[in-house]
Amino acid sequence: MKTYKSLLYIFISAILTSLIGCTATQNPVAQHQTTSTNTGFVNPDIRGPQQRLGSRTNNSKRVALVIGNGAYVHEPTLANPTNDAVDVGQRLDELGFQVTVKTDLKRYQMRAVIAEFGIAATNAEAALFFYAGHAVQNHNQNFLLPIDITTNSIEDVTDQAINLNYPLAELDRARSKVNIIILDACRTPQFTQRFRGRARMRGEQEPTLGLAQIRMQPDTMIVYATEPGKGAVDSVGGRNSPFTTGLLLALRSRDLSLGGVLRTTSKQVVQLTKGYQVPYTNGPRILDDFQFAQAATQSVAATPIVTPTKPHVIPISDTSAQTQAETVRIAALEAKRKQEEARIARLKQEQIAAEQASQQARAEAARLAKLETQRKAEEARVARLERERIAAEKAAKARQEVMTEIIRSTRANFGGYSTSDPLKVYVMPFMSSDRFTDSEIGRIAWVGAMDGTKDIASFSDGRMKFVYNASRKAFENDLQRDSFWRDMRSGNNIKSILKGTVNRKGSNALIYGLYDGDDSSLEITVYLYARRYDVVFKKRYRSIETTWNVVMGLSRNKKAGSSLTYKQKALQRKIHEKVKLGVVRLLRQYMEGV
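Residue 779 in this note's numbering sits at position 386 of the sequence shown; the count goes up by one each step and never skips.
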């Protein structure tokens, strides 16, 4: 009888145990809780053979820090890092990670969130760090750039950027069991080239393109968006970068092991960039077995233990209440997820609208700046033309005043000269300080001076007559047969020489002059000898600015007057004007009996 009762009790216990096991299997919440606390991965190369998590720890915490920097203040902005961070963070949250998503951080903000991440990752089953944005290498060290960095020199990187060793050290102190570092950086090779150019200008060592290869710990896997020393593509036209696009597709594939995700990501990136960009991974192969999705696990004990005590039976009503509560909780989470998606969509729309408004404002500012520049240029042009007009009017007025005064003075003070008995003035050809026939400036100046004296005759109303032969050949003949210049250079009896020349030429006065030129200026001296007063009137002009080419001419083989340059002709006109005004003033002195 006792044997029968014992067998019956064992049979009832077995039935109750089976019922409890079925109830636990039908409850998805209980199943999920069991799964999340009894699976995991241990890196065997530092912790021995692979074990189930339940045999070494009850901590199944998985944490992730996701950062996206795109709105750089002083450097080229990036379009996709914010989207990349939000989308990767959302997917990791779906896979059971405790995710912190941060975008567009300054340096002090990056250091703060990384420090908080290190605390959160303490003794975690897995810790994942994802960064999207600008990054550079310097002296085989990698630096993540905050949005407020100013890369004017190589010191700016080490002083203002975040060294990759900082998050690695935080994870090392946290003693998390599996560490995954994903860097979707070095997106714009032009940025690195510009930075290299700045270093080259300052004589500094140029940083290498892309990121540097580093040695990893046995429990850490590092992933670059492209190979070390190369640049990555920021966008191929979609919402995300090519690397993040491939990573998101891999995180939704069947094979959610770390190795499978990385292989799928690499294939997608190579396909999207047509072979330009090949992701790079560095870490122990044993980490390839890490699962992003926590799988269901078996119970730690292989055989159930039958105890002599009466087993606890869960009432059906309690099970239904738990199921209903879990259903309500899941519905609340789903509603919260939809609200968050709506909020993110609204923020993205606001961001797009703000960017469009900013672009329109910049375009309008550029248009207004261009119009302002054009307005200032037009005002400057009008002001210049006005100054030129005023200067021309003043010069014309001055010339007119001189001519008017000359005409008035000539008519009022011409003494006893008349049209029947005019003042006869002989113009002795102007002479250079060198031999006239060898001096091209002498020929240029002679033509200008002779033309200048011709303009004087019209002011005398026929009471003044110039006695000279303007022919160059006649002038050269005069030089050969007349001793005037030879006698003048002798310096003896100047008055006698002048008076003899006046008598010889049958004139009442004599106009002559000298030129002295060098490579920077030309000096002109005009003389008038009046027999009536037996006196010499002199007008001297100093430093008429010129150049060596103007003074010497194109070459000594060219004849002056036949092939003058533009500058030579301008000098000739200036000499013309100077001699004319000088002769006019000397005649006025003579006529007024000064």
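A virtual CB, placed ideally from N, CA and C, is assigned to each residue, including glycine. What you are looking at is a predicted structure, and each value in this text was computed from that prediction instead of being measured.
- Residue pairing by DSSP puts G906 in a beta bridge opposite V919.
- Cβ neighbours of T619 within its own chain (closer than 7 Å, five residues either side excluded): C579, G603, A625, Q670, V671, P672, Y673.
- The alpha-carbon of I575 is positioned some 5 Å away from that of F523.
- Y810 is positioned such that its CB atom lies closer than 8 Å to that of M857.
- Membership of F859 in the beta strand (DSSP E) is indicated by the continuous run 857-859.
- Under the 8 Å Cβ criterion, the region 463-477 does not count as touching the region 717-731, having fewer than three qualifying pairs.
- Contact annotation: Q553 and I542 have beta-carbon atoms nearer than 8 Å.
- Exclusion of the five residues before and after G975 leaves V919, K932 as the residues of its chain whose Cβ lies within less than 6 Å of its Cβ.
- Per DSSP, R484 is one residue of the alpha helix (DSSP H) stretching across 474-487.
- Within the same chain, and ignoring the five residues on either side of N556 in sequence, the residues whose Cβ sits closer than 7 Å to its Cβ are Q534, F536.
- 8 Å or more divides the Cβ of A520 from the Cβ of A528.
- Taken in chain order, the whole alpha helix (DSSP H) runs of length 4 or more contained in the region 495-567 are 500-513, 547-553, 558-567.
- Taking the CA atoms as reference points, W878 sits about 36 Å from A788.
- Short of 8 Å from the beta carbon of G676, and not among the five residues preceding or following it, lie these beta carbons of its own chain, in chain order: M609, T613, M614, I615.
- Residues G603, L604, A605, Q606, Y673 of the same chain have their beta carbon placed closer than 7 Å to that of P621, with the five preceding and five following residues left out of the count.
- Nearest neighbour of E916 by Cα position, chosen from L564, L907, A923, turns out to be L907.
- A567 is positioned such that its CB atom lies closer than 8 Å to that of A517.
- Within the DSSP bridge table, the entry for D577 names A525 as partners.
- Here the alpha carbons of A902 and P815 stand approximately 11 Å from one another.
- Contact check for S634 against D577 passes: the beta carbons are separated by less than 8 Å.
- In chain order, D681, D682, F683, Q684, F685 place their CB closer than 8 Å to the CB of S650, counting only its own chain and leaving out the 5 sequence neighbours on each side.
- By the Cβ-count criterion, R760 is exposed, with fewer than 16 other Cβ atoms from all chains shown falling within 10 Å of its own Cβ.
- Selection R632, I540, G841 evaluated against I745 yields R632 as nearest (Cα-Cα).
- Excluding the 5 residues flanking it on each side, R966 has same chain C-beta neighbours closer than 8 Å at G841, in chain order.
- Residue pairing by DSSP places I968 opposite no residue, since no beta bridge is assigned to it.
- Beta-bridge analysis with DSSP links L816 to M857.
- R882: member of the alpha helix (DSSP H) spanning 877-883, first to last residue.
- In the displayed model, M821 falls within coil according to three-state DSSP, outside both helix and strand.
- In this structure, DSSP gives E985 a state outside helix and strand, which the three-state scheme calls coil.
- Taken through DSSP and simplified to helix, strand or coil, F636 comes out as helix.
- A direct Cα-Cα distance of roughly 11 Å separates Q982 from Y922.
- At a Cβ-Cβ threshold of 8 Å, V459 and Q491 do not count as neighbours.
- Setting aside the 5 residues that flank it on each side, G489 is surrounded in the same chain by S429, R455, A686, Q687, each with a C-beta closer than 8 Å to its C-beta; the list follows chain order.
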